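Read through the structure below, which is laid out as structure tokens, and then see the notes.
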Amino acid sequence: MPIVQVPKLGSVGVIYDQPPEELPVSAFSDVRNVRFREGAMEKILGHKQIYTTPSVTPYWLQSYNQGGKRYWIHAGTAKVFADDGNSRVDITPTPAPTGAATDRYTGGVLNGVLLMNNGVDVPWYWGGTGVLQTLTGWQTGYRARSIRPYKNVAVALGITKGVGTSPVQYPHMVKWSDLAVPGSVPASWDQNDPTKNAGELDLAEEPSEMVDQLTLGDANIIYKQQSMWSMVPSGDSSVFRFQRLPGDVGALARGCIANTPLGHVVLTPGDVILHAGQGPKSIINARLRRWLFSQIDSTNGDMAFVTTNPATNEVLVCFPSLGASACDRACVWNWVEDTWSVRDLPNVTYGATGQIEYSATQTWDSDNDAWDDDVTAWDENEFSRNQSRLLVCTTGPLIAAMDSAATFNGTPFTGVAERTGWTMDEPDRVKVILGVRLRVTAPAGTQIQVQVGSAMQSEDAVTWSAPALYTHLSGKVEVNVQSKAGRFMGVRFTTVGNQVPKIVSYGVNYKLLGGY
């Protein structure tokens, strides 16, 4: 019987937006909780709790190093805490924040000082002691949708003036502070003071409103709903120069921009783009674009965000799926391999990267994973002080480190990858699959569930076989699993238990039965 080989399973990834029968041989038509890298398709790692269980549902995370400590700040709608891995401190300002879950926090670290803003209240700052304080020099009655650091100034977008009296919105306005002394916040935001470098400007060339911002190299990139702008020092009395970037695209919501070695990855109102200050390039078109936007819950779409996982060279486009209020799924792009995958999320509200100081570095007693399930090595510090890690906060409430466990914080999960519509280069011939041969990297005894399927027409539902088990290094080369006769064939792999197998390639033993 002929055997068709399917090599390099890590080379293409999943493609939802094209008919399965037209996909490259190594592509998958549906996946969950797997990734594609280094030539293989592998099950993702899970997450585990890190830091004490929050007393409120956190909606924002920010790493902050100060005074020899590595804090992680987490903020609920009305409370803010700083945790250094040994103790947690309540740094809630007075008065407390009044925003809702949808009033997304922005901020960052400017000259060693933490900035925070929720768009509803006066912005705050924190220097590592005491509680959050009202931002020095911020003008009375002003609010901003987004505030983030850029060089030695703070930049605010989407300004409202006259809050508390006669509020007037300036949805196109960018406003910047005076220069900040290292270790301090800016002393002034007064655009009318000729002795200061503070200023403001409306970027109203097109009518969409300000959304968010993020630095890119030497520039601050400002995102409206339908345009992008570069902000760089001008070297003259205007302080900054603004230039519209190519493309009529912007950001979907606050937090929908992430920095990678290749440039910014942005979730726009209808695409996922990559740009490095030049024209935007879709990195999801003809792969997952239509599928992604058909899956985002329309009511809670503003809860979507984009973050990175530096340890795996991945960008996570996190979103609430249909009917969800928090992010329960993510489309994951590997910027080295240029592959996409899809994974589950534990009702995540936000994610951020940074270094951690985790006092519970694994000891024998503190390691809760079963011996056969543990993904760490003996005498290994799984949370290195110098490695940037992805942390997420959830509605649990929970703060968790991603890619750090074999389970979802103790709950087992499976990885699934399937290919349907496969013609084996014989679209007009009826055939039957007789067996599957896997080439796997995994510990001995690791099991993978294998199913094969078929359909006579490309539009027909696939009829799947009963599952058969592949056991790694058992001495058995081929999994004996047989499909019904059909012209469009399918293969499905499902992980078993908590091991993390890598499938490098597979071969299918099949028999041709006839033509149309």
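So the number in this note's numbering is just where the residue sits in the sequence shown, counting from 1, plus 62.
Just so you know, even glycine gets a beta-carbon here, dropped at the ideal spot from N, CA and C.
Please read all numbers here as calculations on a predicted model, not as lab measurements.
DSSP-derived helix/strand/coil call for residue i
i, result
"Thr423", "Unreliable placement is indicated for Thr423, whose pLDDT of 45 sits below 50; the coordinate value is still reported in the next sentence. If DSSP states are grouped into helix, strand and coil, Thr423 belongs with coil."
"Ser73", "coil"
"Gly339", "coil"
"Gln305", "strand"
"Met518", "coil"
"Arg166", "coil"
"Gly576", "strand"
"Leu85", "coil"
"Asp406", "strand"
"Ala530", "strand"
"Thr508", "coil"
"Asp400", "coil"
"Gln417", "coil"
"Trp353", "helix"
"Gly552", "strand"
"Asp364", "helix"
"Ala373", "helix"
"Asn571", "strand"
"Arg150", "strand"
"Gln80", "coil"
"Pro64", "coil"
"Gln195", "strand"
"Lys546", "coil"
"Trp188", "strand"
Test item: CB-CB of residue i and residue j under 8 Å
i, j, result
"Val68", "Ser88", "yes"
"Gly108", "Phe355", "no"
"Ala313", "Leu329", "yes"
"Ala218", "Ser208", "yes"
"Val539", "Ala530", "no"
"Trp251", "Ser270", "no"
"Trp397", "Thr322", "yes"
"Thr139", "Pro116", "no"
"Leu574", "Arg491", "yes"
"Met464", "Met551", "no"
"Ser527", "Ala547", "no"
"Tyr121", "Tyr187", "no"
"Glu104", "Pro563", "yes"
"Gly279", "Gly309", "no"
"Leu172", "Pro211", "yes"
"Pro233", "Met178", "no"
"Thr369", "Ala414", "yes"
"Leu194", "Ile153", "yes"
"Tyr343", "Leu336", "At residue 343 the sequence reads Lys, which differs from the Tyr that was named. Their beta carbons are under 8 Å apart, which means Lys343 touches Leu336 by this criterion."
"Tyr126", "Leu176", "yes"
"Ile319", "Asp274", "yes"
"Arg303", "Val294", "yes"
Strand pairing of residue i, partner residues [DSSP]
i, result
"Ile209", "Ala218"
"Thr172", "Looking at the sequence itself, residue 172 is Leu, so the reference to Thr does not match. For Leu172, which the question treats as bridged, DSSP gives the partners Val175."
"His628", "No information on residue 628 is available, as it lies outside the stretch 63 to 578 that the chain covers here."
"His109", "Met464 and Phe470"
"Gln559", "The residue you asked about is not Gln; residue 559 is Gly in the sequence shown. Beta-bridge pairing links Gly559 to no other residue."
"Arg391", "Phe381 and Asp406"
"Ile565", "Met103 and Val502"
"Arg97", "Glu104"
"Ser6", "Past the boundaries of the shown model lies residue 6; the chain is included only from 63 to 578, so the question cannot be answered."
"Lys223", "Val230"
"Gly325", "Thr322"
"Asp92", "Glu480"
"Thr3", "Nothing about residue 3 can be read from this structure; the chain reaches only from 63 to 578."
"Gly497", "Asn571"
Distance between beta carbons of residue j and residue i, contact taken as under 8 Å
i, j, result
"Glu262", "Val236", "7 Å"
"Asn371", "Ser387", "With a Cβ gap of about 24 Å, Asn371 and Ser387 do not count as contacting."
"Lys131", "Glu376", "Their Cβ separation, rounded to whole angstroms, is 28 Å, which puts Lys131 and Glu376 out of contact at 8 Å."
"Val514", "Ser545", "4 Å"
"Pro64", "Tyr572", "6 Å"
"Val247", "Leu197", "6 Å"
"Gly317", "Phe381", "Contact flag wrong, Cβ pair sits at about 12 Å."
"Val96", "Ala467", "Not confirmed; about 16 Å, so no contact."
"Pro489", "Glu84", "Not really, about 10 Å apart at Cβ, beyond 8 Å."
"Val151", "Ala144", "5 Å"
"Glu206", "Pro185", "It is Ala, not Glu, that sits at residue 206 in the sequence shown. That belief holds up - the Cβ atoms of Ala206 and Pro185 are roughly 7 Å apart, short of 8 Å."
"Arg481", "Val553", "5 Å"
"Pro86", "Val74", "5 Å"
"Cys393", "Val410", "Actually they are not in contact, since the Cβ atoms of Cys393 and Val410 sit about 13 Å apart, beyond 8 Å."
Near the ligand FMN: residue i beta-carbon under 7 Å from a heavy atom
i, result
"Val502", "As for the ligand FMN, it is missing from this structure, which has no ligand bound."
Can you list the beta strand (DSSP E) stretches of 3 or more residues lying completely in the stretch 440-495, in chain order? Listed in chain order, the complete beta strand (DSSP E) runs (minimum 3 residues) inside the stretch 440-495 are 451-456, 460-467 and 478-484.
For the stretch 253-299, which segments carrying the beta strand (DSSP E) assignment without a break, of at least 3 residues, lie completely within its bounds, in sequence order? Counting whole runs of 3 or more residues, the stretch 253-299 contains the beta strand (DSSP E) stretches 261-264, 272-278, 281-286 and 290-295.
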